[in-house]
Structure formats: C-alpha cells, structure tokens
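Asker:
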Amino acid sequence: MSALRLTGVTVGYGGATVVRDVSFEVPPLSITAVIGPSGCGKTTLLRAIAGLEPVRSGTIEITVAGERKVLAGPGVHVPAQRRRVGLVPQDGALYAHLRVAENIGFGLRHNVFRKVGDTARVAGLLELTGLTELADRKPALLSGGQRQRVALARALAPRPTIICLDEPFSALDAHLRTTLRSQVRQMILADGAAALLVTHDPEEAMAVADQIVVLIDGEVRQVGTPREVYAEPADMAVAQLFGTVSVLSASAEGDVARCVLGVVPVRGTASGDGVLLIRPADLTCEPVRDDRPAPATVRGIEFAGDHLLVTATVGDDMVVVAKVNPDSGIGVGDGVDLRVRDTVRFVPDAAAVNPLRDVGSGRRFSDTRERR
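Number 417 marks the last residue of the sequence shown (the numbering used here); no jumps.
Set out below in structure tokens:
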C-alpha cells in the first residue's frame, strides 16, 4: 500500500488552473522527486499535499497504520496540522530566536498527535542528523547545510507519514548540495518516512529519488525510475529536462531506423516516421584519418573535466553532440565519424509533437529534425 496517493488532482488560483489531473503514488520508505521547469506547478502541488492549498478536484490520500485516509477530495479538506505531512520549505524557515533543539521540538509542541517522550525524540533526531553538539546554537550561527538538517529534523519530529521538501538544496553550493542530498536521503529512510522532493535539477532527482514524476505545464508527462525517464523519455520535452540530447529525423522499421547517421538500432520495435533521441554517451566520435570525405565536421568542443562534449554537423547542417575522451586529439574543424554505440530511443511523430522550448536545466538541446 502506498504512503501517498494522488488521483486526478487539479489545483488552481482564481480563474487559472495550475495543476491538471495529476495522478501518482509514493511507495512507503522511498523518495519520489517531482521535477519540472519553473512555473510548471511543482510547488503548488506540494502545497496542496501539505494542506496549504485546496484542490479543485481529485483526491489526496495517505496511509496511516495500514488505513487509507483521505486528506483532500470532494467535500473534504483536512487542515495542514492534522495531515501527518511534514514540510521542509526552500529556505528552511527556522525560528531565529530558538536554539537548534528548540526548533526541532517546536513541531512536537504544536503537534495534535503529541505523546510523551518528546525530549527523547528530539535527542534522537539530533543524533540522526549529526547536530547533537550544536543543540544549543541559534540558526544565525549555523551553516546552510546545518540549517537544512535542522529543518528536516523539525519536519520529522512528529513522525509524519510523508515529508515534502521544496527544493531544499537550491541555495547551497555545488559540493554541499552533493553531500547533503545523500545525507538527507539516509536520514529520511532511517526514520521510517517516505518523501516527496520538488526540484528543477535533473542530477539531484536522479541521485536522490527512487521514482521520478515529470511535471510540465501542470501535467504529468511521465512517471518512472530515474533510469526509465533518462533512457526512455516519453517525449522530447521530457528528454530535454534530463540533459543534452540530439534529435534526428528517422524512419523506423522493426528494430532499426534510418537517419542521417545511417541505419541505427532502436529499443523495441517501431514503424513509420519519427525522431531518434540520442544522448552524447550513445555516440562514438572518431577522427577521419584518410582522404575520404568526412561524414561530420566538428564545430565546437566543450571541456567537461573527465570528457569533452563535441558538437558536430552532419548532413544538411544537422547538429549532433557526442561525449569524447579528452585525449582523443579531436579539434574544431576536424572531420569525424559518428556511430551509435547501442540501441537508442525512437519516438513516433505522434508522440514528438511537443513544441521544443527551454523547459529545463539541460545544458544543450539539439533539434536537428529535417526541415520539411
């Protein structure tokens, strides 16, 4: 039985609908990430789950002690303080006049499900979050990462069924984000909770979550594991959210497709016209060292530490991006051979009609479909 279940949830403000017909489940003892571009409705959805916004239609349910409870639905709106839903705001929202232990205990003091043993619960959370030695400090004397751990401990204190985190790492530097997100995952699962994490960062979503919900224009485009949404995106907009991808017009028949790169193996079977979604790691890029005409020409090289991102044109100035070893010796203007390493994703025309726009934090999105 899921910890949280949304069925046909629609949320809006005034005459505007922000989230439409959203349905998904969060399994117990797991983390689900809701990812999408700014303005897609992620935070609105989170606020509706936490009880801070009413739903226009649909139902929100949680499971408590094996029993399903409706939090929001037709004629039902359980107040936020009675939902057993913890909320970690983007800025942590700690009380500046309270010490660390007092901030954590605040959730217990104002919790309608309060029981004896609050002091022990605070002590346990201080230990879980590595804050025992900082228990008497005030928020002004804490680092950004420490403040976020206090906010998490405060949300966990009443033992909620699910924790909602609204981009909790966005204000931290890159190194601290990487370290803290791993710690936060361990803390949540160690305390026996499930979590719903809102983020616009695909790397963060894939690193932290067991399940990803892709939300674009207020609608769910795909629900799946990190591997599924990266390797098998439902459409081009989803592919764009998860990093650089080259899009090539293709015609599929069976388990292969023909495109400007030649005959390419595809995942599964398909028939008809569509596009290939090719990640940089899907391609090999080798310099042409003889006198024959080069099938592609390098137009740009981007150094990325342990690899290069090589942008090349092929055919009628179609752009393809490949991941290459830094020691390859390839330079701008060189002729190169581009080949697909393994199978790639083929999307039929019917599923590839989404307008291609900047909907995410992907570093580059190459729309190389032929102009008709």
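Note that beta-carbon positions come from the ideal geometry of N, C-alpha and C, so glycine has one too.
So what's I375 in DSSP terms, helix, strand or just coil?
Answerer: By 1-based counting over the sequence shown, the position of residue 375 is 330. Coil.
Asker: For R144, tell me which candidate among L225, A180 and T62 has the shortest Cα-Cα distance.
Answerer: Translated into positions along the sequence shown, residue 144 becomes position 99. Answer by Cα proximity: A180.
Asker: First and last residue of the alpha helix (DSSP H) that includes P247?
Answerer: Walking along the sequence shown from the start, residue 247 turns up at place 202. From DSSP, the alpha helix (DSSP H) with P247 extends over P247 to V253.
Asker: If you drop the 5 nearest sequence neighbours on each side, which residues of the same chain put their C-beta closer than 6 Å to that of E106?
Answerer: Indexing the sequence shown from 1 puts residue 106 at position 61. So the list reads R50, R113 and V115, once near-sequence residues are dropped.
Asker: Whole angstroms are fine: how far does the CA of A252 sit from the CA of F151?
Answerer: If you number the sequence shown from 1, residue 151 lands on position 106. If you number the sequence shown from 1, residue 252 lands on position 207. Cα-Cα distance, rounded: 31 Å.
Asker: The beta strand (DSSP E) with S294 in it runs from where to where?
Answerer: One-based indexing of the sequence shown puts residue 294 at position 249. It spans V290 to C304 - the beta strand (DSSP E) in which S294 sits, taken as one unbroken run.
Asker: DSSP puts C209 in a beta bridge; with which residues?
Answerer: By one-based count along the sequence shown, residue 209 stands at place 164. The partner list for C209 (beta bridge, DSSP) reads L132 and L241.
Asker: At the level of alpha carbons, what is the spacing between G81 and V283?
Answerer: Stepping through the sequence shown from its first residue, residue 81 is reached at position 36. Stepping through the sequence shown from its first residue, residue 283 is reached at position 238. Going by the C-alpha atoms only, they are around 9 Å apart.
Asker: According to DSSP, is Y58 part of a helix, a strand, or is it coil?
Answerer: As a working mapping, residue 58 is identified with position 13 in the sequence shown. Here Y58 sits in strand by DSSP.
Asker: Kindly indicate which three-state DSSP category T223 falls into: helix, strand or coil?
Answerer: Counting from 1 along the sequence shown, the entry for residue 223 is found at position 178. Looking at T223 - three-state DSSP - the assignment turns out to be helix.
Asker: Compare the Cα-Cα distances from P99 to each of P134, H122 and R199 and report the closest residue.
Answerer: Residue mapping note: residue 99 aligns to position 54 of the sequence shown, counting from 1. That would be H122, whose Cα lies nearest to the Cα of P99.
Asker: Hey, A168 and I207 are a contact pair by Cβ (cut 8 Å); roughly how many whole angstroms apart?
Answerer: Looking up residue 168 in the sequence shown gives position 123. Looking up residue 207 in the sequence shown gives position 162. Actually they do not touch by this definition, with Cβ atoms about 24 Å apart.
Asker: Taking the alpha carbon of R384 as the reference point, which residue from A367, R199 and R194 has its own alpha carbon closest?
Answerer: The residue given as residue 384 occupies position 339 in the sequence shown. For R384, the nearest C-alpha among the options comes from A367.
Asker: Helix, strand or coil for F214 per DSSP?
Answerer: The count along the sequence shown starts at 1 and reaches residue 214 at position 169. It is coil, neither helix nor strand.
Asker: Going by Cα to Cα distance, which pick from V320, A216, Q285 and E212 is closest to V301?
Answerer: Stepping through the sequence shown from its first residue, residue 301 is reached at position 256. Comparing Cα-Cα distances from V301 to each of V320, A216, Q285 and E212, the minimum goes to V320.
Asker: Under the three-state reduction of DSSP, which class applies to V229: helix, strand or coil?
Answerer: By 1-based counting over the sequence shown, the position of residue 229 is 184. Helix at V229.
Asker: Given 8 Å as the limit, is there contact between the region 201-219 and the region 128-136, that is, 3 or more CB pairs closer than that?
Answerer: yes
Asker: Got a sec? Which residues, its chain only, sit under 7 Å from T108 by beta carbon, not counting five neighbours each side?
Answerer: Working through the sequence shown from its first residue, we reach residue 108 at position 63. Contacts found: M46, S47, A48 and T206.
Asker: Does E172 come out as helix, strand or coil in the three-state DSSP assignment?
Answerer: Position 127 of the sequence shown, counting from 1, holds the residue named residue 172. If DSSP states are grouped into helix, strand and coil, E172 belongs with the helices.
Asker: Considering only C-alpha positions, which residue in the set A200, P393 and N370 is nearest to V292?
Answerer: Locating residue 292 in the sequence shown gives position 247, where the first residue counts as 1. Per the Cα distances, P393.
Asker: For the beta strand (DSSP E) containing E264, name the first residue and the last one.
Answerer: As a first step, residue 264 is located in the sequence shown; it is residue number 219 there, counting from the start. Counting along the chain, the beta strand (DSSP E) containing E264 begins and ends at E264 to G269.
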